[in-house]
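First the structure, in the form of structure tokens, and then the observations on it.
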Amino acid sequence: MNRLFARSTLALLLATPFVTHAVQISAGTSEYVTFRDCVAGPTSACDEVSHIVFGQFGGNAGALSSAANVTYAGYGSAAGSVSFSGTIGAPILHADASSLAGKRTNTNSVALQSYTYTGTEATTRTFGGTLTYSQTETGAYPGNAGIYASIDAFTLTSATIDAGSTPESNFYTLFDGDFSAYGYADVAADSYTDTGTNPAGSGTLGVTVTLTPGETIWLRVLLQTPAANGSFVDASHTLVTSWDVPTDLTPAATSLPVTAVPEPSSLAMLGLGLAATLAAARRRRA
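All residue numbers for the sequence shown refer to the numbering used here, where the first residue is 5 and numbers rise by one.
Structural data, given as structure tokens:
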């Protein structure tokens, strides 16, 4: 699927250690918030962006709820969270971002969930999401605010995938992982985009899949909220997903106590250093 952003290759220096061994997962969540300088382009002062000036990940490998909340002096703020809802374990994603003049912020929220169908006959089901948000209406993305959401459905021949051992590896596994080594087969995909032309909006997206007894379907759900050059986008009430018929579906993860979005952090408080260079990829820029 085409994305409006290019992926970044990151070098992350962590002040405190995280998990040191690779974690095998069948469900997971992650957050990544970033702060950049605007670079002028043909249509606006923020058509392009610089390398990542500062970024923070939320969610270790295997985390079933995650959150990040950062206010970075001179750039703006970005926050988001991901969790699973109820016994069916449907992902709920939150994201918002606000920027100062000449700066760009972005929140990336992503969830991975797998379901095993326990029915005795083949069935067709729809997995969908409802999105609500508000944003600055001062011009279209990329120069100002925007919102992007997607759902990808696929199958694997493996019951688990390797999410690495760090919050960074966990994020990129969920966000843009190459699952070809696990027998990946695409089933369905859908997305929703608002490039900043609506000050308040709502939308829906969804995928329809045919399930056979004993089959496991994987779902990747993504929500991104970029804000540039003094704009904001708020999807903190956000992307809620569900099955049209939730019976005979066993999720890999069910609801956990939601990880509270922490108080905004600063670079000095976090003790983190982050540097990055740009690289092309399928999905939006993180």
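Ideal placement from N, C-alpha and C gives every residue a C-beta, glycine not left out. Treat the numbers as computed from the prediction; the structure is a model and nothing was measured.
Just checking my contact of residue i with residue j at CB under 8 angstroms: how many whole Å lie between their CB atoms?
{"i": "W222", "j": "T159", "result": "7 angstroms"}
{"i": "T35", "j": "N112", "result": "The sequence given here places Glu at residue 35; Thr does not occur at that position. 7 angstroms between Cβ atoms; contact."}
{"i": "I93", "j": "A67", "result": "In the sequence as displayed, the identity of residue 93 is Gly instead of Ile. Not confirmed; about 14 angstroms, so no contact."}
{"i": "A231", "j": "A149", "result": "5 angstroms"}
{"i": "G300", "j": "G210", "result": "Nothing in the structure corresponds to residue 300, since the chain is present only between 5 and 290."}
{"i": "V114", "j": "F179", "result": "5 angstroms"}
{"i": "T170", "j": "A65", "result": "7 angstroms"}
{"i": "L215", "j": "Y121", "result": "4 angstroms"}
{"i": "F88", "j": "A257", "result": "5 angstroms"}
Could you tell me whether the Cβ of residue i comes closer than 8 angstroms to any Cβ of chain B?
{"i": "A105", "result": "Annotation note: the requested chain B is absent from the structure, which comprises a single protein chain."}
When DSSP labels each residue in this structure, what does residue i get in the three-state scheme?
{"i": "E172", "result": "helix"}
{"i": "D180", "result": "helix"}
{"i": "Y137", "result": "strand"}
{"i": "Y152", "result": "strand"}
{"i": "F115", "result": "The sequence shown places Ala at residue 115, rather than the Phe named in the question. A115 falls in the strand class under three-state DSSP."}
{"i": "S269", "result": "Because S269 sits at a pLDDT of 43, beneath the cut-off of 50, its placement in the model cannot be relied upon, and the following sentence gives the value as read from the coordinates. Strand at S269."}
{"i": "T124", "result": "coil"}
{"i": "L68", "result": "coil"}
{"i": "L226", "result": "strand"}
{"i": "A257", "result": "coil"}
Which one or two residues does DSSP pair with residue i in a beta bridge?
{"i": "N233", "result": "DSSP lists no partner for N233."}
{"i": "T159", "result": "A189"}
{"i": "D4", "result": "Missing from the structure shown is residue 4; the chain here goes from 5 to 290 and no further."}
{"i": "Y76", "result": "G80"}
{"i": "S30", "result": "S30 is not bridged to any residue."}
{"i": "V213", "result": "R129"}
{"i": "S85", "result": "A71, H98"}
{"i": "C42", "result": "V53"}
{"i": "A204", "result": "S138"}
Going by beta-carbon coordinates alone, are residue i and residue j separated by less than 8 angstroms?
{"i": "T229", "j": "Y119", "result": "no"}
{"i": "D248", "j": "G123", "result": "no"}
{"i": "V237", "j": "Y137", "result": "yes"}
{"i": "N371", "j": "G90", "result": "Any question about residue 371 goes unanswered here, given that the chain covers just 5 to 290."}
Compute the minimum distance between the beta carbon of residue i and the heavy atoms of the ligand ATP, and state whether it is under 7 angstroms.
{"i": "G181", "result": "This structure lacks the ligand ATP, and indeed carries no ligand of any kind."}
Three CB pairs or more closer than 8 angstroms across the region 98-107 and the region 237-249: yes
Under 8 angstroms, with one C-beta from each stretch per pair, do the region 181-196 and the region 70-88 reach the 3-pair mark? no
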